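Undergrad: Counting with the UniProt record's numbering, you get residues 1 to 486 for the letters of the sequence shown.
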Amino acid sequence: ARSEFNRHIFGDELYEAMREVKRIFDPDNRLNPGKIVDSPRMTENLRDPALPPLRQLITKLSFASAGGMRGAADRCMNIGVCRKGSTGVMCPSYMATREEEHSTRGRANALVMALSQPDPRTALGDERLHDILDLCLECKACKSECPLGVDMASMKSEFLHQYQRTHGVPARTRFFAAARTLNRLGSASAPLSNWVTALPPIRALMERRLGITRRRALPRFHRRTLVRWFGQRPRSVPAARGTVVFLADSFTTFTEPGIGIAAIELLEMAGWRVELIGDLCCGRAAISKGRLDAAARNARALTARLADRARQGVPIVGVEPSCILTLTEEHVALQPGNADAGVVASQVRMVDDLLVEAIDGGHLRLDPQAPIAGQRILFHGHCHQKALVGTAATVQMLSRIPGATVVEVDAGCCGMAGSFGFEAEHYDLSMQIGGMRLFPAVEAEDAATVLAATGISCRQQIHHGTGRVARHPIELIRAAASAGSA
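#1: May I ask you to report which of helix, strand or coil DSSP gives residue 152?
#2: Taking DSSP as the reference, what is the three-state secondary structure of residue 405?
#3: In this structure, does DSSP put residue 112 in helix, strand or coil?
#4: By Cβ distance, which residues of its chain are closer than 7 Å to residue 430, with the 5 residues on each side in sequence left out?
#5: By the three-class DSSP mapping on this structure, what secondary structure does residue 377 have?
#6: At what residue ranges does the region 394-479 contain a whole run of the alpha helix (DSSP H), taking only runs of 4 or more?
#7: Got a sec? Which residues, its chain only, sit under 6 Å from residue 83 by beta carbon, not counting five neighbours each side?
#8: Taking C-alpha atoms, which residue in 281, 74, 117 and 249 lies nearest to residue 300?
#9: What residue range does the beta strand (DSSP E) around residue 280 cover?
#10: Under 6 Å Cβ to Cβ from residue 418, same chain only, skipping five residues before and after it: list those, please.
#11: Can you tell me whether residue 283 is buried or exposed? The criterion is at least 16 other CB atoms within 10 Å of its CB, across all chains shown.
#12: Span of the beta strand (DSSP E) holding residue 350?
#13: Give me the Cα-Cα distance between residue 171 and residue 188, rounded to the nearest whole angstrom.
#14: Taking residue 215 as the reference, give the member of 478, 186 and 464 with the closest Cα.
#15: Between the C-alpha atoms of residue 5 and residue 400, what's the straight-line distance to the nearest angstrom?
#16: For residue 243, name the three-state secondary structure that DSSP assigns.
#17: Could you say if the region 390-407 and the region 195-202 meet the contact criterion of at least three C-beta pairs nearer than 8 Å?
#18: Taking the alpha helix (DSSP H) that residue 260 belongs to, which residues open and close that run?
#19: Which one or two residues does DSSP pair with residue 274 in a beta bridge?
#20: Residue 481 by DSSP, collapsed to three states: which one?
#21: Can you list the alpha helix (DSSP H) stretches of 4 or more residues lying completely in the region 25-68, in chain order?
#22: Less than 8 Å separating the beta-carbons of residue 264 and residue 274?
#23: Helix, strand or coil, according to DSSP, for residue 186 in the structure here?
#24: Quick one: using the 10 Å Cβ neighbour count with 16 as the cut-off for buried, is residue 186 buried or exposed?
#25: Can we say the region 128-143 touches the region 92-106, given the rule of at least three CB pairs closer than 8 Å?
#26: Tell me, please, which residues DSSP counts as bridged to residue 317.
#27: Please classify residue 116 as buried or exposed, where buried requires at least 16 neighbouring CB atoms within 10 angstroms.
#28: Need the endpoints of the alpha helix (DSSP H) that residue 386 sits in, please.
#29: Check residue 372 in the structure and name its three-state DSSP category.
#30: Quickly, what does DSSP pair residue 212 with across the bridge? List them, please.
#31: Specify the secondary structure class of residue 366 as computed by DSSP and reduced to three states.
#32: What are the uninterrupted segments assigned as alpha helix (DSSP H) that are 4 or more residues long and contained completely in the region 75-122, given in chain order?
#33: What residue range does the alpha helix (DSSP H) around residue 227 cover?
#34: Is the beta carbon of residue 473 closer than 8 Å to that of residue 452?
#35: So, is residue 230 buried or exposed, given that buried needs 16 or more other C-beta atoms within 10 angstroms?
#36: Taking contact to mean at least 3 C-beta pairs separated by less than 8 Å, is the region 312-322 in contact with the region 239-250?
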């Protein structure tokens, strides 16, 4: 891009010498023509002036800040940072396949082409474009690791929404998008539901009819949900530090209620009064599958419930990063004209943030004699957490455990990505991604090392790929907390 200035930088004598070297070794000018010497002006061959006029496309997610969905895709300047191989998170599928079309850059360019067609809505129904976007794990790493902040996760969700308007909604998409309803039914019928869904004939049927692989165990439902526990427990804890709203996500509520219980107990031990939102869904599963109409209804309902508390400055917290951070991202994009969505987003925090403050302020004490004290802890952060708020608060929180040695592993995406790792055609790639860095890092650790991961998908993948159990960091803090914290 800057080769046109080389004659001015090096002077005529050196520049002509470089031209002579080029002519000797590349007489036909076939190797990188126009680079270093004899280059076109940097203003030639620009893509934007060559693009046809933008055709209107009404999207469900707002891309107004980028001038529309094509503008969001066209943020890509082809720098190629997404073509990394062994550091960071972006882009997991490219790291595995090494195919350009599976990089953020490849997908962005394909979307620009589709959105530049005379009828972009029809172009978004193209099967080849679906193949290009299919392996995007929606990890959101491109939003933070790409120098231009290309948000391919949001664009894939919008693409799926538009694609389904043309081709209809597959049964598996409806199945996974209804995660909260399915989890609620599974918990209501547990333990029978756990027995039935583990039967080999049932798993074979699910694989044949829905494309849900039988090679990976399904989550187990708990009869005593987080909401049921919260409603039945005694409440005599004084609230010296005010109120906090806890979002009971679909997974913490029905399949891993122990994590939510630990979080609420810690908040109360630190002097907070906890209000539980356990009857509304953030719509994360629906968003990831392109079911944006349903997700928008979820967003409006949750925003309406939380707006008053948010205006009062009440923190809104959760323990599943992909769910609680949906309120800061997609809920705002799904409600572009709703100021309350921004107010709610401004109050969203991970529980980790509040607990670090409580520990450092002396409101929550950790026991130096607790079994978890002095342990080595290997921590793997959730992709959405890394991309949107970072993992510093979680690492700091774990480091407050007396004598603990906390190591955050640079293992990229675990490869599970919610439903992605359950889909039969994606299972092998999911395991390949996990096997590149995460599984070896876990297997290299001593058996006594404690494994921690903030995402439910991450914990599922670690157990499936290595046989090791990873715990949520909140569970470790609860194990270290002293009775009588105030």
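All C-beta atoms in this analysis are idealised placements derived from N, C-alpha and C, irrespective of residue type, glycine included.
Computed from a prediction, not measured in an experiment: that's the story for all the values here.
TA: Straight from the coordinates:
#1: helix
#2: strand
#3: helix
#4: 415, 416, 420 and 421
#5: strand
#6: Listed in chain order, they are 427-436, 438-443 and 456-466.
#7: 103
#8: 281
#9: Premise fails: residue 280 is in no beta strand (DSSP E) and is neither H nor E.
#10: 288 and 457
#11: So residue 283 counts as buried.
#12: Run containing residue 350: 348-350, per the beta strand (DSSP E) assignment.
#13: 23 Å
#14: 464
#15: The alpha-carbon of residue 5 is positioned some 54 Å away from that of residue 400.
#16: strand
#17: Below 8 Å, too few C-beta pairs join the region 390-407 and the region 195-202 to call them touching: fewer than three.
#18: 257-269
#19: DSSP, once it has assigned bridges, lists 244 as partnering residue 274.
#20: strand
#21: 47-50
#22: yes
#23: It is helical.
#24: buried
#25: yes
#26: 246 and 349
#27: Per the 10 Å Cβ criterion, buried.
#28: 383-388
#29: coil
#30: 423
#31: strand
#32: Listed in chain order, they are 92-97 and 104-115.
#33: 226-232
#34: yes
#35: buried
#36: yes
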